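With the working numbering as the guide, the letters of the sequence shown map in order to residues 534 to 814. Quick reminder that beta carbons are idealized off the backbone N, C-alpha and C, glycines included. Quick caveat: nothing in here was measured; it's all calculated off a predicted structure. Each remark here refers to the structure printed beneath this line.
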Amino acid sequence: MSISAKSPGEYLLIRNAVEKERLELQFKAWQANIGYLLHPAITQHDHMCIADVGTGTGIWLQELANILPNSCQLDGFDISDILLPDKSSLPENITFYLQNFLQPFPEEFIGKYDVVNVRVMVVALSSDEWEPAVRNLMTLLHPGGHLQWVDCAAHECIVKAPEGTNPVNANRGMDLFRKTMNALGKTPNTAALHGIFQKSGLDACEEQIFTLTNPEVRDNLNFSVATAIAHCLTAALKLHKLEDMQSEDEIRNLKEGMLEDLRSTHCWFCYDVYVVVGRKS
Ligand SMILES: C[S@@+](CC[C@H](N)C(=O)[O-])C[C@H]1O[C@@H](n2cnc3c(N)ncnc32)[C@H](O)[C@@H]1O
């Protein structure tokens with residue numbers, strides 16, 4: 534198990550096999566609600582150069598490789614290579630690079646891309662890092678290229694419970710998650726992203742909001758949220774920044790309690806995913 538912390542904020546998810554599985558379930562749950570990989574405003578062609586920043590397991594690029602011709606160049610960037618798949622399992626047009634996207638990118642990448650995609654930075658970025666991130670990512674685009682950011686209002690996630698039930702652990706998990714994230718400065722206002730795109734000079738900015746209600750992927754989503762909460766609390770514990778719990782056993786018990794609530798009361802986690810897109814002039 535490994536935790537990577539960066540200054541001034543800390544990355545609050547653990548990078549291990551369970552997190553890899555969680556990210557892939559989350560990806561499927563979001564896709565079942567969003568329905569596309571590239572926003573319809575983005576014109577596709579056979580020689581696209583596409584970057585996925587904070588690529589994680591690289592799942593978005595791998596899914597994109599299935600629908601675009603292999604003449605497209607697909608580059609993934611991440612501050613860590615722990616979650617990345619083995620190169621031998623990848624199509625030849627996917628390449629990964631180690632890069633902190635809050636730092637200037639090497640010259641070879643500047644102005645190169647038709648599309649820069651970012652997904653799920655909600656617990657990675659502190660609230661004051663979103664605008665600098667947008668401005669830095671814009672340097673990767675050529676004029677006419679698009680920035681696409683897909684993220685969620687994690688702090689506003691609610692537990693939807695049938696009348697007469699009381700999912701105590703699921704509610705407690707969400708409360709602890711919110712409290713811990715707030716204490717660590719991870720209070721991003723995902724709804725502000727569209728305004729940040731406009732303020733940063735992107736044109737034709739659009740926002741779509743998807744409430745994750747598709748019942749077919751509800752189990753995926755429930756597991757993903759309960760695991761994310763446990764991983765964030767574990768990361769905070771290891772950073773000595775978790776007030777309410779003293780051990781990983783307590784966090785494990787809470788996660789089991791959340792999963793048991795989800796099974797026995799048929800409650801479920803629900804939140805909004807934002808897709809924001811803008812074009813470089
Ligand atoms: C929650 S994961 C999302 C992964 C992927 N985008 C997805 O949708 O499944 C966040 C990823 O962003 C990476 N990350 C966090 N801060 C970063 C930074 N400053 N620069 C580059 N990558 C970063 C993490 O290492 C992690 O792989």
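Residue range of the unbroken alpha helix (DSSP H) whose run includes residue i
i      : result
Val701 : Val701 to Ala716
Arg785 : Glu781 to Thr798
Pro665 : Trp663 to Met671
Gly728 : Leu726 to Lys732
Leu766 : Arg751 to Lys771
Asn599 : Ile592 to Ile600
7 Å CB neighbourhood of residue i in its chain, flanking five on each side removed
i      : result
Ala565 : Asn747, Glu749 and Val750
Leu673 : Ala584, Phe638, Phe642, Ile643, Lys645, Tyr646 and Val649
C-alpha distance - residue i paired with residue j, whole-angstrom precision
i      : j      : result
Asp614 : Asp608 : 14 Å
Leu822 : Val667 : Shown here, the chain extends from 534 to 814; a query on residue 822 therefore has no answer.
Ile627 : Asp782 : 39 Å
Gln559 : Ala657 : 16 Å
Phe629 : Gln779 : 37 Å
Ala562 : Phe743 : 11 Å
Gly587 : Ser659 : 15 Å
Own chain, CB closer than 6 Å to residue i, minus 5 neighbours either side, in chain order
i      : result
Leu770 : none
Asn704 : Val692
Met581 : Cys605 and Asp647
Any non-hydrogen atom of ligand 1 within 8 Å of residue i CB
i      : result
Ala657 : yes
Gly568 : no
Thr746 : no
Met654 : yes
Arg668 : no
Ile762 : no
Gln681 : no
Asn633 : yes
Asp585 : yes
Thr590 : yes
Ser613 : yes
Extent of the continuous beta strand (DSSP E) to which residue i belongs
i      : result
Leu546 : Note, Leu546: premise wrong, no beta strand (DSSP E); not H, not E.
Thr628 : Ile627 to Leu631
Pro676 : Leu674 to Cys685
Phe802 : Trp801 to Cys803
Cβ neighbours of residue i in the same chain (closer than 8 Å, five flanking residues each side left out)
i      : result
Leu631 : Phe610, Asp611, Ile612, Ser613 and Asp614
Glu664 : Ile729, Lys732 and Ser733
Cys800 : Val692, Lys693, Ala694, Pro695, Thr698, Pro700, Ala703 and Asp794
Would the region 548 to 562 count as touching the region 640 to 648 if we require 3 or more Cβ pairs under 8 Å?
no
Evaluate the contact criterion for the region 792 to 800 versus the region 719 to 731: three or more CB pairs, one atom per stretch, below 8 Å.
no
For the structure I just gave you, are there three or more beta carbon pairs, one from the region 725 to 735 and one from the region 668 to 687, closer than 8 Å?
yes
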